[in-house]
Amino acid sequence: MRRVLLAGVALLCLTSCGLDSEQQARDEATTSVRERALNARQADMKLLTDPPFAALSTEKRLSGLAAAAGGDRYGMVFGQRVTQGGRLEVDVAYDATGNGGGYVAAVVHARLCVRLSGVVGADPQVEIADTPCAASFDRQLNPPDLIVTLED
1 MRRVLLAGVA
11 LLCLTSCGLD
21 SEQQARDEAT
31 TSVRERALNA
41 RQADMKLLTD
51 PPFAALSTEK
61 RLSGLAAAAG
71 GDRYGMVFGQ
81 RVTQGGRLEV
91 DVAYDATGNG
101 GGYVAAVVHA
111 RLCVRLSGVV
121 GADPQVEIAD
131 TPCAASFDRQ
141 LNPPDLIVTL
151 ED
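For what it's worth, this note's numbering labels the leading residue of the sequence shown as 1, then goes sequentially.
Here it is in structure tokens:
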């Protein structure tokens, strides 16, 4: 009887540690992709105020914006366009992995897909909004465990 009780307590401890680990990994991955997207927004705002950047052709500005949004933030640019009003739009997916602690450590891969858009000017505002991820991502190896949005 005592062994059964000890085994039950051990099983309860292991499973509850695993649940906490899973949530911890989800939270870490979610926070990471959101921070990357918000940092990309700041980088794009800085770029749009740069006078030499404003002197570039529209296509070069769009390429520069895409590079700033994706580059060192581990983003995958999957769409870019210029609207009729001259607004530059870049669609980017950010991936991150979160690791949970505890006896049964969990690992969660999260993805956030956003659209960054703005215009060149002295006081640009870069808007950021959730956007659907590219359908081609569904066919890649190692898909994310979790697709997140900017807000909960």
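No residue lacks a Cβ here, since even glycine has one placed at the ideal position from N, Cα and C.
* Asked: Near Asp-91, which residues of its chain fall below 6 Å by C-beta distance, leaving aside the five closest residues on each side in sequence?
  -> Phe-78, Gly-79, Arg-115, Thr-131
* Asked: Can you give the Cα-Cα distance for Val-108 and Ala-55, rounded to whole angstroms?
  -> 43 Å
* Give the DSSP bridge partners of Leu-112, in chain order. => Tyr-94, Val-148
* Does Leu-146 have its Cβ less than 9 Å from a Cβ in chain B? -> Absent from the structure is chain B; it holds one protein chain and no more.
* Which residue's Cα is closest to the Cα of Ala-43: Pro-51, Ser-57, Ala-67? -> Ala-67
* **Own chain residues within Cβ distance below 8 Å of Phe-53, not counting five before or after** => Leu-47, Arg-61, Gly-64, Val-120
* Could you give the distance in angstroms between the alpha-carbon of Gln-24 and the alpha-carbon of Gly-102? -> 10 Å
* Asked: The alpha helix (DSSP H) spanning Phe-53 covers which residue range?
  -> 51-54
* Asked: Would you say the beta carbon of Leu-116 comes nearer than 8 Å to a heavy atom of the ligand FMN?
  -> No copy of the ligand FMN appears in this structure; indeed no ligand is present at all.
* Round the Cβ separation of Ala-29 and Ile-128 to the nearest angstrom and send it over; I've been treating them as touching at under 8 Å. => 19 Å between Cβ atoms; not a contact.
* Grouping DSSP H, G and I as helix and E and B as strand, with all else coil, what is Gln-140? -> coil
* Opening and closing residue of the alpha helix (DSSP H) in which Arg-61 lies -> 58-70
* To do: Taking only the alpha-carbon atoms, compute the straight-line gap between Thr-58 and Leu-150 and give it to the nearest angstrom.
  => 28 Å
* To do: Work out the CA separation of Asp-27 and Cys-133 for me, nearest whole Å.
  => 20 Å
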